Structures are given as C-alpha cells and as structure tokens.
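Let me begin by presenting the structure, written as structure tokens, before commenting on it.
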C-alpha cells in the first residue's frame, strides 16, 4: 500500500497591496535628510572656514516639476529653513480655499453647503457624525439657523456671529488678519495654527501671499466679495523673489537662477528628457500664425521641425551650462531613473566624468577635493573650550535714564483712575455707533452730491432699522460732514487713521488720529468716541480724552509750527461734535506731565 507524498503549502495570494512612496518623494526625502545631516553635524565649507548654513544651499530644477513640492515638504518636515515656492496660483492652494470657504459663508450665511464646508474645515473641525446630527431633520430651516439654536455648538455659533458682525464694514485684509491670527473653535492659538495642523507647513506660504494680495487690494474698492472672486477666478501666479532670501535653502528653476551663485548647488532632476515638452511648445507655427500639421510631410516642413528640435536641444544644453556654473564649492547631481531618454543632462554629465577618467563607486561619481566640504575633524570637535574673561561692565546694573523707554498710547493716559461713563447695554445702540463710525470713514471719499443718498442706502441695508430712522441718521451724518468749522475734515483730500509718534513731556507717545485735515491756515484734528451715553457738557469730557487730544495737538505743533490747531471729539452715539478750547489743552498737558 503506497502513501501519497505531502503536497507543499499553497502560495499566499497577494490580497494586500503594499503601498510604496512615489519616486519623487523618496528622492526629496533623501535630499532633505542629507541637508539636515550637514547642518546638524556642522559640515565645514573650507572656502568660508565655517559650518554650512541653510543659506549656502541652492537647489536648481529644470522646471517646476513634480519634484518641487515634495522637496519643500521634506525640508520643512526635517525643520530645515526653506524659502518655499517662488510661484503659486493662490486660488488653487488648499489653505486659501479653506479661508475662502469661511469668507463665502460670511458673505451669504444662508448657503448651507458652504457652512457645512466651514464646519468640517480646519477652523471648526466638526466630525461627520456631529455635522449629520446638526443638519438632519431640520426641515425648512437653514443650517445657520439650526446652528444658532444648538446648545452643543454655542462656541462655534458665537465665533461665526462675531465675524459676521464685522464683515460688512472691514476691508478684506483686516478680516483675514482676525481669521488667521486670532483663536478659532478648533485651535486656541490661531486660525493659521489650525490650518498648519491640518495641512502641514506648506500652508504657510500661500497664507502669506494671500495677506499680501489683500493688503494690495486695500488701495482699491475694499470689497470682500470682489477680493474672493478676483483671487479664485484669476490664474495669475503669485511670484516671490527668492534670489535674495537669506538664511534659508532656496529652490529655483535654472532660468530664475541666472546670475546667482551659491557655495553648494544641488540639481535633482538630471534625468529629465529634453524632448518631453509641453503641448504648446510642441506645436509649430508658420509665418501666418497657422499650426503646421504633422501629416504635412513635405521637405520644407521636415526641415522646420528639425530646426525647431535642434534649437530646443541647444537651449537645453545652455541651461545645463548655467546650472553647472552656479556652484562655487560643491556641485551635487542626481535624478530619477527612468526610460532610456535621449540626451538628458545626466548623459552629458556622465560623458564628462568619463573624460576626466573618474570611475563610479557604488553608482556615485566623485571628482575634486573632498576637503572642500566635509564633516568637522575629530580633533577640532574634541578641543577644549576656551574660557573667555567677561568684561567688567557686564556685572554692572544698567543705568536708567530720565526718559521712559516704552511707548505710551495717548488714549490710555490717566485711564487708570478715571471712571469712564458706563455703556448702555443695548446691542442696537452699539450697532448704530459702529455704522455711523463706518460712514464717517467712507463718505469723505464719495462725491459730495451723492453722500446723503449713499448713507441712507448703507444704513437701510445694514442697520435693520425702519426707513424713517435710517433717513434721520443719514441726515445727522450729513450735519456733521457739513459742520461750518470742521467740514474740511471730511472733504476729499483729508486723511483717516493717521499714525503719530514722538516725544512729549518725557514720554514716547504713539497713537492714531481718527481724522486729520491740514489747510493753509490751520490743522483740524478729530477723534471718534463711542461712549454711551456721551457727556452732555464739554466740562464732563473724561480726563484721559483731554490728555489724548493735548498729546495729538502738541505733536502736530512740532510738525506744523505757526498754524492754528483745532481739536474736537465726535460722539458717534449722538453725532455730537465737541471742540476742545485752549484751557482744556493746557489741562490735558498737565495731565500728561503727572501721568
């Protein structure tokens, strides 16, 4: 009786797919790891006789390829200072899209989908389950209405309400500053910190570019909607000049690096095929701006194509020369292995090494003096620390001067012991003061004939009051703008929110004047106050306000000597204008001396 031999165990079916990192990511991580090692170990540049610094390193790319972002990300992951990306389309950046989702909600709170994006986004970070519980079964009610009634999300509702209450009368730059640099429900540190936690360090660069774009827009119509729409629809790239970046690793294209040099240059895309051009570059055009069809295989067409390819290859070689000559001390060449490309930079460099009789070791060609860039010698690292005698003056206490070094805000002088009139606990009154303040800022830039109608339309759309009340408030604003003495303050050419700084009464004063006008004969100064209710008499003006206006006047008297100074307070709650006389000015100076 025979027994059957035991069969071998069957092979394990490949049911699990093993994910590997893409080649560009692996190369980027290798580059970042090497740079981090150089910096941590203190590799020495012989030409500079010091340890290498991030600013000594320049990474050159043939073009903005799929290597750019992985290299930036890998360097930031290794905590290597890097200048970032020199070009980006702002509207395509994830961080910008998250910020604009919040902006779109502020423009249209009833948009349920946009609010859902915000709630799931980095500023609030509700889970899918929390969002479903909030949104499900609400009937005809909007998601925003449901959120305001949800006791579990009071913090989120308060955060959004606050932003909504200020969106209509603040420029985009001011609003974005609050969103990014103040706390949010998802992060007590700041909104920018929440974005970086969610998206990584790559979020920092586009946010900086977004703020720069918003700051430029302030010189135009300060409309949040126009700003968001302009950024999202525009494909214009935001450019940064990284050639002058100091203390950071720079990543540039070879075109951008013409004329630059660096002690260490890394070229990581040496194996890119020069024949792989963009579609636009692949088209040939005749003198009549008509594309040449590839099927037109006439000799003249073939010659034109050959000439175009030859010119492109010559440019490819010129760029290689530019790249190779950017390095002063160390040149590192690498790339991603691929198909047998025709004449990539790698092939030219390989032929050059062979002509120099350099033999590869473990796939690496080395040529030149390795001491030009090497780890610090053990003898140097083991040297005893030199004891340096500290100078005698370091043990003496710093002599204080009679002048206080810190800046003093004029509006805070004498405020400690001053009991300010308590505000009326009415939200409508507070909102009214805010709107009138905003009108006094906006209307001077408008044509005089259109001001009253613009004020009425603005109040009608923003205050929620009846038309009769809006009309009355608009007329009160116009009464202030037409004041016989202070009308020049609101004429075209006057200035709003003017910073002033200087020395006065032994103090360094720094403040901001709400409205300033300088004529041939006099200087007019006005400051808005929101106290509710305001003082009924000039004699009841708080001491700190007298000191504040005296400081402004005294500083401007140094700038405009000989001109008459007139100062006034405008109480936005009642639109009452109070001019401070000479006696109050002297009293304010006395308060400054004693503060």
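In my numbering, the protein residues as written are 4 to 598. C-beta: ideal position from N, C-alpha, C; glycine also. Small disclaimer: the values here were computed from a predicted structure and weren't measured.
With the rule of 3 Cβ pairs closer than 8 Å, the region 247-258 counts as touching the region 75-91.
In this model, residue 39 and residue 66 are separated by some 24 Å (Cα to Cα). The region 550-580 is shown to contain whole beta strand (DSSP E) runs of 3 or more residues at 567-574, in chain order. Excluding sequence positions up to five before and after residue 470, its CB lies within less than 7 Å of the CB of 463, all in the same chain and listed in chain order. Residue 500: not part of any alpha helix (DSSP H); member of the beta strand (DSSP E) spanning 498-507, first to last residue. According to the DSSP assignment, residue 532 belongs to the beta strand (DSSP E) that extends over 525-532. In this structure, the CA atom of residue 492 is about 15 Å from the CA atom of residue 574. DSSP places residue 253 in no alpha helix (DSSP H) but in the uninterrupted beta strand (DSSP E) bounded by 253-256. Selection 189, 161, 579 and 316 evaluated against residue 127 yields 189 as nearest (Cα-Cα).
Secondary structure note for residue 517: its beta strand (DSSP E) is the uninterrupted segment 510-521. Here residue 504 is exposed, its C-beta having fewer than 16 other C-beta atoms within 10 Å. In this structure, residue 553 keeps its C-beta atom at 9 Å or more from the C-beta atom of residue 519.
Looking at 271, 512 and 208, the one whose alpha-carbon comes closest to that of residue 26 is 271. For residue 270, there is no enclosing alpha helix (DSSP H); the residue is part of the beta strand (DSSP E) that begins and ends at 265-270.
Here residue 104 is buried. Its C-beta has 16 or more other C-beta atoms within 10 Å.
In the DSSP assignment, residue 63 falls within the unbroken beta strand (DSSP E) covering 60-64.
Selection 142, 186 and 357 evaluated against residue 162 yields 186 as nearest (Cα-Cα). For residue 175, same chain residues with a beta-carbon under 7 Å away, outside a window of 5 residues either side, are 217, 220, 225, 227 and 230 in chain order. With a cut-off of 8 Å on Cβ pairs, the region 193-213 is not in contact with the region 157-173, counting fewer than three such pairs.
Comparing alpha-carbon positions, the option among 42, 165, 203 and 110 lying closest to residue 96 turns out to be 203. Residue 70 sits in coil when the DSSP states are folded into three classes, being neither helix nor strand. Per the coordinates, the alpha-carbon of residue 313 lies some 23 Å from the alpha-carbon of residue 68.
A distance below 8 Å between beta-carbons, with the five flanking residues on each side excluded, links residue 375 to the following residues of its chain, in chain order: 48, 49, 50, 332 and 333. Three or more beta-carbon pairs separated by less than 8 Å link the region 53-66 to the region 317-330, which places the two stretches in contact. The count of Cβ pairs closer than 8 Å, one atom from the region 74-82 and one from the region 351-360, stays below three, leaving the stretches out of contact. Burial check for residue 306: the Cβ neighbour count within 10 Å stays below 16, so the residue is exposed. Partner residues in the beta bridge of residue 334, as assigned by DSSP, are 268.
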